[in-house]
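Take the sequence shown: its letters are residues 61 to 372, numbered as in the working numbering.
Even glycine gets a Cβ: it sits at the ideal position worked out from N, Cα and C.
Here the structure is a predicted model, which is why all the values come from computation and not from measurement.
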Amino acid sequence: MTYLVTGVAGFIGSNIARHLLDEDYTVYGLDNLETGLESNLEELLQDQNFEFIDGDLRNRDDVHTAVADAQYVLHEGAVPSVPRSVDDPVLSTEANCTGTANLIAAAHETDVKKIVVASSSSVYGPTEISPKHENIPPNPVSPYALSKYYTEQLAVQASEYYDFDSVALRYFNVFGPHQDPESDYAAVIPKFIDMMVQGERPPIYGDGTQSRDFTYIDNVIQANLNAIESDITGEVLNVGCGDSYTINEIVNELNGILKTDIEPRYTDPRPGDVPHSKADISKASELIGYDPNVSFHEGLKRTVEWYRNEHC
């Protein structure tokens with residue numbers, strides 16, 4: 061089996077590629093290194109079954125080259141972050157929407173059998189319904205969320221029009237090793253770990269009662285591979301753990317793991333942020349056998365251990 065992983069230098073893409081190579085699959089990886097890290101490629105490039113393609117999803121020729129020999133595509137490439145999309149909506153739209161359209165067009169012209177597209181829980185927007193299930197009408201309230209909704213709908217339509225299968229996975233706040241803590245748009249967990257290891261007070265936007273369903277990377281890898289191996293197509297599935305934790309609780313958990321007693325510093329809320337988010341994962345469980353086996357606390361411990369080994 062041959063795979064193309066887009067966004068292969070990113071956090072999720074590099075972890076998926078690493079797992080596939082460990083299983084002795086041939087992996088092609090596409091990235092323009094605009095938001096991905098070269099350090100995430102170092103281990104991958106040592107494997108003879110990996111080929112890196114330095115290209116841009118917005119460039120149709122680059123995408124066609126990347127897709128040419130792939131049987132299966134795991135589409136992780138995107139410009140992430142709600143705040144970044146508010147700062148630069150054009151970039152988010154071009155990379156996420158045009159990039160996905162180019163990928164689907166290229167897959168239609170080649171021998172791709174199935175595409176799994178990464179979407180986001182942000183498409184739900186602010187809703188009082190909890191946990192969030194796939195039948196809730198989407199209400200994206202940021203350019204990033206809107207681009208992800210467009211992305212998953214392209215995948216659903218492709219399964220109707222073209223001769224390959226496609227599935228979209230709505231990720232809920234993925235975290236784990238190889239997640240960049242230094243970006244201006246860094247996710248909360250790597251940023252907090254980085255600061256608290258150094259004895260710094262992590263910033264919390266708002267009062268810290270906002271909550272998220274944090275999903276360890278190994279659970280996301282499982283969901284992608286289960287989706288590829290299943291017979292389903294044209295579906296949108298939640299990928300989370302079915303639990304939620306507040307931002308204040310993250311600080312408390314990290315203090316426990318690090319054996320510290322660091323107080324956060326509170327600041328103004330960020331525009332476009334959703335107050336609460338928790339996944340109903342029953343559909344993914346039923347259709348692809350998704351069963352997240354790494355808990356939030358265990359995932360947090362593994363992530364801290366990786367960070368200490370890499371940075372301390």
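Candidates the options: closest to residue i by CA position
i	options	result
Asp-191	Arg-78, Pro-335, Gly-302	A small fix is needed here, since residue 191 is Pro in this sequence, not Asp. The shortest C-alpha separation from Pro-191 is found at Gly-302.
Gly-353	Gln-282, Asp-84, Asn-119, Gly-89	What sits at residue 353 in the sequence shown is Asn, not Gly. Answer by Cα proximity: Gln-282.
Pro-186	Ile-196, Ala-178, Val-177, Ser-179	Ile-196
Ser-355	Val-280, Phe-224, Tyr-221	Val-280
His-135	Ile-189, Glu-212, Thr-153	Glu-212
Asp-147	Pro-263, Arg-330, Phe-232	Arg-330
Thr-327	Ser-141, Gly-115, Tyr-265	Tyr-265
Leu-337	Tyr-231, Ala-166, Gly-67	Here residue 337 is Ser; the residue named in the question, Leu, does not match the sequence. Answer by Cα proximity: Tyr-231.
Leu-226	Ala-205, Ser-145, Arg-120, Leu-285	Reading the sequence as shown, one finds Ser at residue 226 and not Leu. Among Ala-205, Ser-145, Arg-120, Leu-285, the Cα nearest to that of Ser-226 belongs to Leu-285.
Asp-321	Asn-119, Pro-262, Ser-243	Pro-262
Arg-144	Tyr-210, Val-216, Ser-243	Ser-243
Ser-345	Leu-105, Ala-130, Val-296, Val-334	Val-296
Distance between residue j and residue i (C-alpha atoms, nearest Å)
i	j	result
Asp-91	Ser-219	25 Å
Ser-207	Tyr-350	25 Å
Asp-122	Thr-158	13 Å
Glu-169	Thr-125	11 Å
Ala-228	Asp-340	15 Å
Ile-164	Glu-323	47 Å
Ile-348	His-238	26 Å
Asp-223	Pro-198	27 Å
Val-201	Val-183	8 Å
Gly-300	Lys-319	28 Å
Pro-203	Glu-154	11 Å
Asp-64	Ala-128	Contrary to the premise, residue 64 reads as Leu rather than Asp in this sequence. Leu-64 and Ala-128: Cα-Cα distance of roughly 9 Å.
Ala-161	Gly-294	16 Å
Glu-188	Glu-370	40 Å
Gln-258	Val-172	46 Å
Ser-179	Asp-114	23 Å
Arg-325	Asn-312	13 Å
Glu-103	Ile-72	15 Å
Gly-316	Lys-361	10 Å
Asn-119	Asn-298	29 Å
Thr-62	Ser-181	29 Å
Gln-106	Asp-278	22 Å
Val-142	Lys-343	26 Å
Beta-carbon contacts of residue i that lie in its chain and below 8 Å, excluding the five residues immediately before and after
i	result
Glu-358	Tyr-276
Asn-109	Leu-81, Asp-84, Tyr-85, Thr-86, Val-87
Ala-167	Val-127, Val-133, Ile-175, Ala-218, Tyr-222, Phe-224
Contact set for residue i: own chain, Cβ-Cβ below 7 Å, skip 5 residues either direction
i	result
Leu-97	Ala-69, Asp-240
Ile-253	Pro-241, Leu-314, Thr-363, Val-364, Tyr-367
Ile-288	Tyr-132, Lys-174, Val-176
Val-12	Past the edges of the chain, shown from 61 to 372, lies residue 12, and the structure says nothing about it.
Cys-372	Val-257
DSSP bridge partner residues for residue i (one or two, in chain order)
i	result
Lys-174	Tyr-132, Asp-225
Leu-151	Beta-bridge pairing links Leu-151 to no other residue.
Arg-230	Ser-179, Asn-298
Arg-325	Pro-263
His-336	Ser-271
Asp-91	Asp-114
Phe-235	Tyr-276
Tyr-305	Arg-272
Tyr-63	Val-87, Tyr-132
Lys-343	Partner(s): none; Lys-343 has no beta bridge.
Lys-208	Answer by DSSP bridge pairing: none, since Lys-208 is not bridged.
Proximal residues to residue i (C-beta, below 6 Å), its chain only, five neighbours per side dropped
i	result
Ile-249	Phe-235
Lys-251	Pro-241
Leu-93	Ala-69
Gly-89	Val-65, Val-68, Ala-77, Phe-112
Near the ligand ADP: residue i beta-carbon under 7 Å from a heavy atom
i	result
Pro-329	The ligand ADP is absent from the structure shown, which contains no ligands of any kind.
Original post:
Would you call the stretch 257–274 and the stretch 306–318 in contact, with 3 or more CB pairs under 8 Å?
Top reply: Result yes; three or more Cβ-Cβ pairs closer than 8 Å.
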